[in-house]
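To start, the structure itself, in structure tokens.
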Amino acid sequence: MKTVAKFEIKYLQYLDPDGKPVQKTLPKFAQDVNELVEMYKKMSFVRVFDAKAIALQRTGQLGTYASCLGHEAIHVGIGLAMIPEDVFCPMYREYGAQFERGVQPHEVLLFWGGDERGNNFSGPKHDFPWAVPIATQNHHATGAAFALKYQGKKAASVSVIGDGGTSQGDFYESLNCAGAWKLPTVFVIANNKWAISVPLEIQTACETLAQKAIAGGFEGIQVDGNDIIAMRDAMEKALDKARNGGGPTLIEALTYRLSDHTTADDARRYRKEEEVQENWAKEPLIRLRKYLESLGAWDDAKEEAWKAECAARVDEEVQKYKAAGKPPVESMFDHMFANMPEDLLKQREQAIEEAKHHG
Amino acid sequence: MAKVTLIEALTMAMAWEMKHDNSVVVLGEDVGVNGGVFRATAGLQEQFGKDRVIDTPLAEALIVGISIGMATQGLKPIAEIQFSGFIYPAFDQITNHAGRIRTRTRGRMHVPMVVRAPSGGGIHAPEHHSESNEALFAHTPGVRVVMPSSPKRAYGLLLASIRDPDPVIFLEPTRLYRMNKQEVEDNGEALPLDTCFVLREGTDVTLVSWGAMIHETLLAAQEMEKEGVSCEVIDLATVSPIDYETILDSVEKTGRLVIIHEAPKTAGLGAEIAAEVADQALFSLEAPIVRVTGYDTPMPLFKLEHDYMPSVARVLKGIRRVLED
């Protein structure tokens, strides 16, 4: 038998877990130390926010919350690479990306606090809200990419799923379609090794998730998702390619879910503490901090001052979240249709009336 | 004015809207060169190009999912699902996204999308090609369900559905695709959604039906006329939300109601209409409400399909039942 096709998967990393550059040259943005400091600060803010959200849930002030602990480099990297005209189709923990796009932290809290107003967030009005049904958002990104191409816009869509999401039919269908139609879209897989309690080796026999792109007929690369320089660089290149007619890219971002799946989960039931500890050594903030310290651009005093600033800002956001109160009962109905059906209007009146007695 | 079949009227409506609105695109399996397996999109790709009449990969969840993506970004997709029996993989996208996005984003995003699908039996088709599943979508908040029953209503209701800023599941009765021709003026005029059509006025019994069963219902009404019974025939047309006002007005006049649908009985739309009429107009009723429906079985293969589908005789039997009391 002769070989009719051959494929290879590239891996991208600029900073190793100790904060040492592993390549001779860094991407242009990473040669600017001030920019790297900003990137570090953004990740640090996300982490402070995340810890606060968990604390709110633990004290009964927030519903179930999906932590992004450990994913900060992937999320902020995505957000920094996107332009406002791009369309973002997240799953449900990409706060770092969304903050870059103008979503306000209190809006994230509103959503997890059981309030749809959180989905009417600041930032681009064409960005999708959080998608809880796994991998369904891949189709929205593919359709949005079609629309952008059809309208002649120089923009692209980005969807994010987890490693578990790659088992869904929607994911494969979208890869296939985006490849066949050469659409301007970037598929990101945040491979954090765990889909709730199911480890990656149960999801797939593949050596990489990046290779799933081969089935779609386009490039898939693996990136160190704990290295924000690699993540941003890979995203910028993929988006640039997409916006210029080069078609889709799949980016498998390797990371580790340092938190429980959500606050409703207890990961101690299914994974070893040693594994979690090993991965703390590779997490995204520490390596960039070490690198910045090696350049003399960061130190303990700066760290402390920045953390205090983050905490103050997060507190302001928490106040806004708490001040939002309960949405009016009729808001359940008011956005169902542009033209409200008669019977729904009656149900709306009934709900308002009931709320007077029970609200 | 040309006399056209129901399916030709659908093609006319899509062509009109594509000509006048550049944001309208048609997508689905075999909709391009082939013009769809029933030819609903025949000639559209030739006229409007491959960018606007798009053959998709064979994946129903994809077809509806990408239509949502398109619709939220300024396009008005008309997605064709080849048969309504194949729509189930897309149910996730319809119920979890299409019907929810406007509400969950508090109006920030909306989904002006039409999902067309041939529906119902009676055309001697293979398995999974004859389902009547409108009740599943009627139970889904946030989407409209429309079923035309004549070429004129197919034209006007499809135009209205494309122009509506919210998702519409547009179920087309395959049995009626080429059954009759009717003069349809290609003038771009839409018919109203959320409104029943009174196809025949009467004073003794109200018959409510939709889609292909309108055919049997009208024949039954003609039969009853010979016996001196005057039937009012209401075509639901927009199957969800239901225009109860027209139905209640009619029942208050006739005092008798028969609901006819091809779909299974249990938890079907007949039950919904019966419950609402009982709630709103019980004292206008002279007799119990009767349903004439398909059975709670899978749609049988075609040797038995006419035993499954309500016949004129079964509709007549239903009418006679409400006249007994």
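Just so you know, the protein sequences line up as chains Y and B, in that order. Mapping to the numbering used here: the first sequence position 304 is 304, numbers consecutive. Mapping to the numbering used here: the second sequence position 300 is 300, numbers consecutive. All C-beta atoms, glycine included, are put in the ideal place defined by N, C-alpha and C.
Given a cut-off of 8 Å, decide if residue j and residue i are closer than it, judged by their beta-carbon atoms.
i	j	result
glutamate 326 of chain B	glycine 211 of chain B	Any answer about residue 326 of chain B is impossible in this case: the structure gives chain B only from 1 up to 325.
tyrosine 40 of chain Y	glutamine 222 of chain Y	no
arginine 314 of chain B	valine 290 of chain B	no
glycine 65 of chain B	histidine 126 of chain Y	no
glycine 99 of chain B	glycine 43 of chain B	no
isoleucine 228 of chain Y	proline 27 of chain Y	no
threonine 103 of chain B	methionine 336 of chain Y	yes
threonine 72 of chain B	isoleucine 101 of chain B	yes
aspartate 166 of chain B	aspartate 243 of chain B	no
tyrosine 177 of chain B	isoleucine 7 of chain B	yes
methionine 109 of chain B	alanine 237 of chain B	no
glutamate 232 of chain B	leucine 207 of chain B	yes
valine 205 of chain B	valine 258 of chain B	yes
alanine 253 of chain Y	alanine 190 of chain Y	yes
phenylalanine 49 of chain Y	proline 105 of chain Y	yes
alanine 234 of chain Y	glycine 220 of chain Y	no
arginine 257 of chain Y	tryptophan 194 of chain Y	yes
serine 44 of chain Y	cysteine 310 of chain Y	yes
asparagine 226 of chain Y	alanine 73 of chain Y	yes
isoleucine 63 of chain B	leucine 10 of chain B	no
Run down chain Y in chain order and give the residues with a C-beta less than 8 Å from the C-beta of residue i.
i	result
tyrosine 244 of chain B	Glu342, Asp343
aspartate 51 of chain B	Tyr150
aspartate 21 of chain B	Near aspartate 21 of chain B there are no residues of chain Y at all, since even the closest Cβ is about 13 Å away, more than 8 Å.
aspartate 249 of chain B	Correct list: empty, because the minimum Cβ distance to chain Y is about 13 Å.
proline 241 of chain B	Pro341, Glu342, Asp343, Leu344
Can you give me the Cβ contacts of residue i inside the same chain, cut-off strictly under 7 Å, excluding the 5 residues immediately before and after it?
i	result
leucine 292 of chain Y	Leu36, Val37, Tyr40, Trp298
leucine 248 of chain B	Val277, Gln280, Ala281
proline 118 of chain B	Phe38, Phe83, Ser84, Glu172, Thr174
cysteine 196 of chain B	Ile234, Asp235, Leu236, Ala237, Asp243, Thr246, Ile247
isoleucine 162 of chain B	Glu17, Val24, Lys76, Ile78, Val114
glutamate 227 of chain B	none
glutamate 60 of chain B	Ile81, Phe86, Ile87, Pro89, Ala90
glutamate 236 of chain Y	Ala81
Chain B partners of residue i, CB-CB under 7 Å?
i	result
aspartate 265 of chain Y	Here the premise fails: no neighbours, minimum Cβ distance about 22 Å.
glycine 143 of chain Y	Gly65, Ile66, Ser67, Ile68, Gly69, Met70
histidine 106 of chain Y	The contacting residues do not exist; histidine 106 of chain Y stays about 15 Å from chain B at best.
glycine 162 of chain Y	The contacting residues do not exist; glycine 162 of chain Y stays about 17 Å from chain B at best.
lysine 129 of chain Y	Sequence check: residue 129 of chain Y is proline here, not lysine. Near proline 129 of chain Y (Cβ distances below 7 Å), the residues of chain B are Arg104, Thr105.
glycine 169 of chain Y	Ala61
histidine 335 of chain Y	Arg102, Thr103, Arg106, Gly107
Along chain Y, which residues have their Cβ under 7 Å away from the Cβ of residue i?
i	result
asparagine 366 of chain B	In the structure displayed, chain B extends from 1 to 325; residue 366 of chain B sits before or after that span and is not available.
proline 165 of chain B	Ala338
leucine 75 of chain B	Ala147, Tyr150
leucine 62 of chain B	His139, Glu173, Ser174, Cys177
Within the same chain, show all residues whose beta-carbon is closer than 8 Å to that of residue i, passing over the 5 residues directly before and after it, in chain order.
i	result
glutamine 360 of chain Y	Because chain Y is modelled from 1 through 359, residue 360 of chain Y falls outside the range shown and cannot be assessed.
leucine 344 of chain Y	Phe333, Met336, Phe337
lysine 241 of chain Y	Gly247, Thr249
alanine 131 of chain Y	Cys89, Pro90, Met91, Tyr92, Gln137, His140
So which residues of chain Y does residue i contact, with C-beta pairs closer than 9 Å?
i	result
proline 264 of chain B	Residues of chain Y passing the Cβ test: none, with the nearest at roughly 23 Å.
aspartate 194 of chain B	Asn339, Pro341, Glu342
Using a C-beta to C-beta distance shorter than 9 Å, which residues of chain B count as neighbours of residue i?
i	result
alanine 312 of chain Y	Chain B residues near alanine 312 of chain Y: none, gap ~29 Å exceeds 9 Å.
histidine 261 of chain Y	Simply none; closest approach about 20 Å.
For residue i, return the contacting residues in chain B, with the cut-off set at a CB-CB distance below 8 Å.
i	result
alanine 180 of chain Y	Pro57
histidine 126 of chain Y	Thr72, Gln73, Met109
Starting from the C-beta of residue i, find all residues in its chain whose C-beta is less than 6 Å away, skip the five residues before and the five after it, and write them out in chain order.
i	result
asparagine 133 of chain B	Ser84
glycine 318 of chain B	Val258, Val290, Val292
isoleucine 214 of chain B	Ser149, Asp235
valine 330 of chain B	It is not possible to answer for residue 330 of chain B, since the shown part of chain B is limited to 1 through 325.
glycine 32 of chain B	Gln45, Val53, Asp55
Of the residues that make up the stretch 63 to 89 of chain Y, which ones have a beta carbon closer than 9 Å to any beta carbon in chain B? Within the stretch 63 to 89 of chain Y, the qualifying residues are Val87, Cys89.
Output needed in chain order: residues of the stretch 82 to 112 of chain B with a Cβ under 8 Å from some Cβ in chain Y. Those residues of the stretch 82 to 112 of chain B that come within reach of chain Y (Cβ to Cβ, closer than 8 Å) are Pro89, Asp92, Gln93, Asn96, His97, Ile101, Arg102, Thr103, Arg104, Thr105, Arg106, Gly107, Arg108, Met109, His110.
Which residue spans inside the stretch 33 to 111 of chain B form an unbroken beta strand (DSSP E) run of at least 3? If we require 3 residues or more, the beta strand (DSSP E) runs fully inside the stretch 33 to 111 of chain B come out as 53 to 55, 76 to 80.
Near-chain B residues of the stretch 182 to 207 of chain Y (beta-carbon distance less than 9 Å), N- to C-terminal order: For the stretch 182 to 207 of chain Y, the beta-carbon criterion of a distance under 9 Å to any beta-carbon of chain B is satisfied by none of its residues.
Using a Cβ-Cβ cutoff of 8 Å, what residues of the stretch 280 to 313 of chain B are near chain Y? List them in chain order. For the stretch 280 to 313 of chain B, which is checked against every Cβ of chain Y, not one residue is closer than 8 Å.
Identify each residue in the stretch 96 to 124 of chain Y for which the Cβ-Cβ distance to at least one residue of chain B is less than 7 Å, and report them in chain order. Answer in chain order: Glu116, Arg117, Asn119, Asn120.
Anything in the stretch 136 to 155 of chain B with a Cβ closer than 9 Å to a Cβ of chain Y? List those residues in chain order, please. The residues in question are Pro141, Gly142, Arg144.
Check each residue of the stretch 196 to 211 of chain B: if its Cβ is closer than 7 Å to any Cβ of chain Y, include it; give the result in chain order. If the cut-off is 7 Å between Cβ atoms, the stretch 196 to 211 of chain B has nothing near chain Y.
Where the stretch 219 to 236 of chain B meets chain Y: residues whose CB sits under 9 Å from a CB there: Taking 9 Å as the Cβ-Cβ cut-off, the stretch 219 to 236 of chain B has no residue approaching chain Y.
When you check each C-beta in the stretch 16 to 41 of chain B against every C-beta of chain Y, which residues fall closer than 8 Å? Here the close residues are Val25.
Completely contained beta strand (DSSP E) runs for the stretch 176 to 202 of chain B, where each covers 3 or more residues: Taking 3 residues as the shortest admissible run, the stretch 176 to 202 of chain B contains the following complete beta strand (DSSP E) segments, listed from N- to C-terminal end: 197 to 200.
Beta strand (DSSP E) runs wholly inside the stretch 142 to 218 of chain Y, at least 3 long, in chain order: Listed in chain order, the complete beta strand (DSSP E) runs (minimum 3 residues) inside the stretch 142 to 218 of chain Y are 157 to 162, 185 to 191.
Any chance you could list the beta strand (DSSP E) runs of at least 3 consecutive residues sitting entirely within the stretch 236 to 313 of chain B, in chain order? List check, beta strand (DSSP E) in window: 238 to 240, 257 to 264, 290 to 294.
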